[in-house]
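Worksheet: one structure, shown below.
2 protein chains.
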Amino acid sequence: MSARAGIVVTGTEVLTGRIADRNGPWLADRLLELGVELAHITICGDRPADIEAQLRFLAGVGVDLIITSGGLGPTADDLTVETVARFCGREVLLDTELEARIAEILKPMMARYTGPGAPDFATVRAANRKQAMVPAGATVLDPVGTAPGLVVPGTPTVVVLPGPPRELQPMWDKAIRTPEAQQAIAGRTRYEQQTVRMFGLPESGLADTLQHGQQSIADFHRLEITTCLRRGELEIVTRYEPDAAGAYAELVALLRERHAGKIFSEDGALVDDLVARLLAGRWIATAESCTAGMLAARLADQPGASDYLAGGVVSYSNNAKEDLLGVDAALIAEYGAVSEPVAEAMAAGALRRFGADTAVAITGIAGPGGGTPDKPVGTVCFCVALGDGRMLTRTTLLPGDRADIRERSTTVAMHLLRRALSTD
Amino acid sequence: MSARAGIVVTGTEVLTGRIADRNGPWLADRLLELGVELAHITICGDRPADIEAQLRFLAGVGVDLIITSGGLGPTADDLTVETVARFCGREVLLDTELEARIAEILKPMMARYTGPGAPDFATVRAANRKQAMVPAGATVLDPVGTAPGLVVPGTPTVVVLPGPPRELQPMWDKAIRTPEAQQAIAGRTRYEQQTVRMFGLPESGLADTLQHGQQSIADFHRLEITTCLRRGELEIVTRYEPDAAGAYAELVALLRERHAGKIFSEDGALVDDLVARLLAGRWIATAESCTAGMLAARLADQPGASDYLAGGVVSYSNNAKEDLLGVDAALIAEYGAVSEPVAEAMAAGALRRFGADTAVAITGIAGPGGGTPDKPVGTVCFCVALGDGRMLTRTTLLPGDRADIRERSTTVAMHLLRRALSTD
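Chains as they are written, first to last, in my numbering: chain A, 202 to 625; chain B, 202 to 625.
Take a look at the structure:
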């Protein structure tokens with residue numbers, strides 16, 4: 202037995218890449234947790250014929266559940282409900298009680314917009330009447346914003362959710378708990394999923410190890426392994442039914458044997474999580490040039506970061522390096538702003554200025570301009586300085602464009618920080 | 202006549218959301234520029250049956266061109282080439298010349314990895330031999346990384362590209378210029394596309410205006426309009442054939458008439474572009490608390506930002522606000538760190554410390570903790586201070602979770618900056 206699902210993401214703005222889809226990945230995670238096999242995500246614009254073609258495709262490959270996101274808004278290009286109804290062979294009817302509920306929701310929202318050009322209430326209510334049109338026999342999920350969701354039973358069952366992630370996410374829990382959805386995914390299998398993360402190993406090196414595992418591990422074929430190189434980190438995700446846990450243990454042993462120094466996480470923890478744990482009881486400051494605040498922002502992504510994050514200086518200009526971090530102008534003149542001595546002086550300055558016991562400095566050439574034969578675009582110098590005087594300094598040459606180099610720089614800095622704090 | 206295309210994105214790591222797909226949106230833009238209609242993007246894992254089902258679906262809906270991304274790597278889960286070959290009914294053959302070329306590419310790459318655990322050259326070359334397997338009759342596109350691309354002629358023609366964006370993007374230009382690809386898209390139509398951006402108008406207010414346009418503009422039906430609310434900004438993208446330009450001009454006139462103060466861009470320019478232009482000849486510094494560097498990093502996203510970006514202070518802790526920005530401790534004690542007086546003092550401090558003529562300060566409660574009845578999570582105070590003593594100060598209550606609030610804060614700050622500098 203198993204249960205398979207497909208996700209249909211609608212919206213011309215998503216299809217054309219003007220906004221990135223966050224719902225497909227989020228729903229994929231939820232399905233994985235449930236043990237439902239996600240087979241396909243399909244994206245199309247706000248065209249009924251294209252939406253319907255995707256629904257038919259997914260029904261044709263035999264999924265048990267389809268989840269749609271988007272196309273529930275008040276504008277005329279929002280056509281998901283009527284398309285799903287047609288696909289399911291159901292009439293669309295006005296739900297007057299739901300219409301009244303939406304009207305209640307709109308009142309306070311409209312109060313926020315006033316002045317010339319603001320829409321009047323009656324007009325808005327009319328535009329939102331279409332959000333109260335429901336396929337016969339469908340279960341209505343209460344609006345989080347103004348758009349209700351739907352569960353339309355059938356073969357496959359279709360769960361219709363709004364596009365904005367902050368509306369879709371709270372609605373999902375209610376949708377999947379409906380008897381119709383539970384019945385659709387009744388055949389789901391429980392899987393285990395484990396993640397190992399490495400830093401500093403090429404993907405082909407891992408391929409070699411996995412080939413070895415294929416020969417040395419008896420139940421290797423029961424492990425569904427996917428590998429992914431991202432921002433210099435190699436992620437190995439393995440999914441297996443619970444009784445194949447022994448094979449997975451053998452795989453982990455093999456990885457440890459061959460790549461001990463490169464593995465930084467065996468429990469799925471990100472380098473951000475590890476660094477956050479290592480920073481407990483410490484006080485950290487950053488000094489950033491080319492990344493211009495991205496590292497500080499990344500540290501602050503963790504809720505509760507105020508326990509250990511003092512702050513940072515974005516010393517984009519040389520003057521800022523001198524005035525705010527106390528970097529000696531002579532050092533910049535002699536070695537250049539992108540150099541290990543300057544990175545070290547920046548880190549030392551951050552320690553001092555913030556009264557911190559941990560500091561990270563980044564100075565580099567992100568391009569597109571500013572490269573030289575000696576220091577091409579992608580040259581980035583890092584320093585981690587600790588309160589006891591220890592320093593860990595590195596220079597790397599990072600690939601990619603301006604955005605890649607800056608983002609990758611934050612990852613290198615996180616790993617340097619992890620190393621410096623792990624050997625404490 | 203028209204030409205339609207579909208994109209097949211493969212990779213279990215993309216399907217399961219572990220990495221975000223950047224290729225679908227990027228290819229969507231390229232197709233749009235060419236006047237090729239993108240009908241569907243489909244995403245599946247590294248399973249040949251699912252990849253083939255998607256290829257058949259796209260062929261079934263009649264697209265002229267399919268572009269695949271991913272699944273060209275050396276690992277055993279990379280199966281796109283053989284699946285495409287089967288779909289096209291072509292044999293797969295070893296291209297020995299290509300194999301030699303890949304071997305040459307690998308040599309210097311391998312030199313970067315040394316020490317225990319590093320893969321030996323012969324193993325890697327064997328793992329990469331499969332990258333030299335080519336469907337009979339296909340045109341080979343030279344590798345940018347180690348994976349070659351392919352153009353496989355047929356109905357539809359299939360362009361096979363590698364997954365990493367930095368390999369896919371340079372290869373695309375060569376792919377689309379091949380005679381096989383040109384023939385597939387011969388029926389393309391030239392479209393115009395224009396974008397209007399607004400800030401501070403609800404989507405339903407726009408819906409009302411568009412309904413009005415439907416009645417008042419004769420050729421309204423010839424405009425393909427999509428609207429999208431993103432980070433508080435409303436984006437209206439309109440596509441039309443060149444001879445419907447008059448209808449578009451009428452639409453823009455209508456938008457101006459009804460929402461003059463809310464329109465900030467009529468040429469597709471982002472607020473980031475506008476702010477970058479307004480900052481020419483100025484010298485800006487940031488002072489950030491909850492956003493912790495995201496605004497400085499966003500300013501630095503623009504190549505050439507060093508012409509106007511002095512730097513910034515991430516004053517995450519109260520001490521940092523006092524020590525690095527000179528905020529009076531008494532002010533924090535009296536009004537709280539999240540308050541307009543503190544935002545103003547932070548901006549003034551940034552002006553002073555960086556010798557800047559423009560400064561932006563952000564201080565807010567991003568959550569999940571730290572909210573109070575008076576200042577709930579989402580309360581954010583902003584101040585733009587200019588060298589002539591003028592200040593623009595605002596407090597907003599932003600919706601969403603920690604990440605939403607922080608990101609939205611940078612957008613509000615950009616618009617405040619735009620307003621302050623526009624009225625100069």
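By construction, the Cβ of each residue, glycine as well, lies at the ideal position given by its N, Cα and C atoms. What you are looking at is a predicted structure, and each value in this text was computed from that prediction instead of being measured.
Beta-bridge partners assigned by DSSP to B/T559: B/I485 and B/L587. When the Cα atoms are used, A/T580 and B/S490 turn out to be separated by approximately 29 Å.
Taking a Cβ-Cβ cut-off of 7 Å, A/C582 has no neighbours in chain B, whose nearest Cβ is about 17 Å from it.
With the rule of 3 Cβ pairs closer than 8 Å, the stretch 375-382 of chain B counts as touching the stretch 343-357 of chain B. Straight across, the Cα-Cα distance linking B/I242 with A/R231 is about 21 Å. Taking a Cβ-Cβ cut-off of 8 Å, the neighbours of B/R554 in chain A comprise D524 and L525, given in sequence order. Residues of chain A with a Cβ closer than 9 Å to the Cβ of B/V325 are, in chain order, P403, S405, G406, A408 and D409. In the DSSP assignment, B/C245 falls within the beta strand (DSSP E) that extends over E238 to C245.
Non-local beta-carbon contacts of A/D296 in its own chain, meaning distances under 8 Å to residues more than five positions away in sequence, involve A333, M334, V335 and V341 in chain order. Apart from the 5 residues on each side of it in sequence, B/A304 sits with its Cβ closer than 8 Å to the Cβ of R326 and N329 in its chain, given in chain order.
Between B/L525 and B/R553, the C-beta spacing is not below 8 Å.
Listed by position along chain B, the residues whose Cβ is nearer than 7 Å to that of A/M495 are G494 and A498. Leaving aside the five residues that flank A/E434 on each side, the residues in its chain whose CB is nearer than 8 Å to its CB run, in chain order, R398, M399, F400, V472 and T612. A direct Cα-Cα distance of roughly 24 Å separates A/A477 from A/R457.
For B/D474 and B/S466, the gap between their C-alpha atoms comes out near 10 Å. Within the same chain, and ignoring the five residues on either side of A/G246 in sequence, the residues whose Cβ sits closer than 6 Å to its Cβ are T213 and L216. Taking a contact as a CB-CB distance under 8 Å, the pair A/I267 and A/L280 does not count as one, their CB atoms being some 16 Å apart.
In the DSSP annotation of this structure, the continuous segment of the beta strand (DSSP E) that includes B/L351 starts and ends at G350 to V353. Residues of the stretch 504-517 of chain A with a Cβ closer than 8 Å to any Cβ of chain B, in chain order: P504, G505, A506, S507, L510, A511, G512, G513, V514, V515, S516 and Y517. Inter-segment contact for the stretch 477-487 of chain B and the stretch 502-511 of chain B is present: three or more beta-carbon pairs are separated by less than 8 Å.
Under the DSSP assignment, A/R205 falls in the beta strand (DSSP E) whose first and last residues are R205 to T211. In the three-state reduction of the DSSP assignment, A/A277 falls in the coil class. Between the C-alpha atoms of B/G290 and B/D605 there is a straight-line separation of about 48 Å. At a cut-off of 8 Å between beta carbons, A/Q255 contacts chain B. For a Cβ distance threshold of 7 Å, residue set F258 of chain A lies close to B/F258, ordered along the chain.
A/T211 and A/G272 do touch by the CB rule: their CB atoms are close to 4 Å apart, below 8 Å.
In the three-state reduction of the DSSP assignment, A/C582 falls in the strand class.
Its Cα nearest to that of B/A560, the residue B/G588 stands out among B/V438, B/G588, B/A530 and B/K576.
Among the residues of chain A, those whose CB is under 8 Å from the CB of B/I242 are L216, T243, I244 and C245, following chain order. Assignment of B/Y536 by DSSP, reduced to helix, strand and coil, places it in the helix class. If you look at B/T492, you'll find it isn't in any beta strand (DSSP E); DSSP assigns it neither H nor E.
B/T611 carries a helical assignment under DSSP once its states are collapsed to helix, strand and coil.
Only residues of its own chain outside the window of five on either side were considered, and among them C491, T492, M495 and A567 have a CB closer than 7 Å to the CB of B/R607, listed in chain order.
For A/G350, there are no neighbours in chain B by C-beta distance under 8 Å, as the nearest C-beta there is about 18 Å away. DSSP places A/Y441 in the uninterrupted beta strand (DSSP E) bounded by E434 to Y441. Annotation: the stretch 386-422 of chain A contains the following complete segments of the beta strand (DSSP E) (minimum length 3 residues), in chain order: 393-400.
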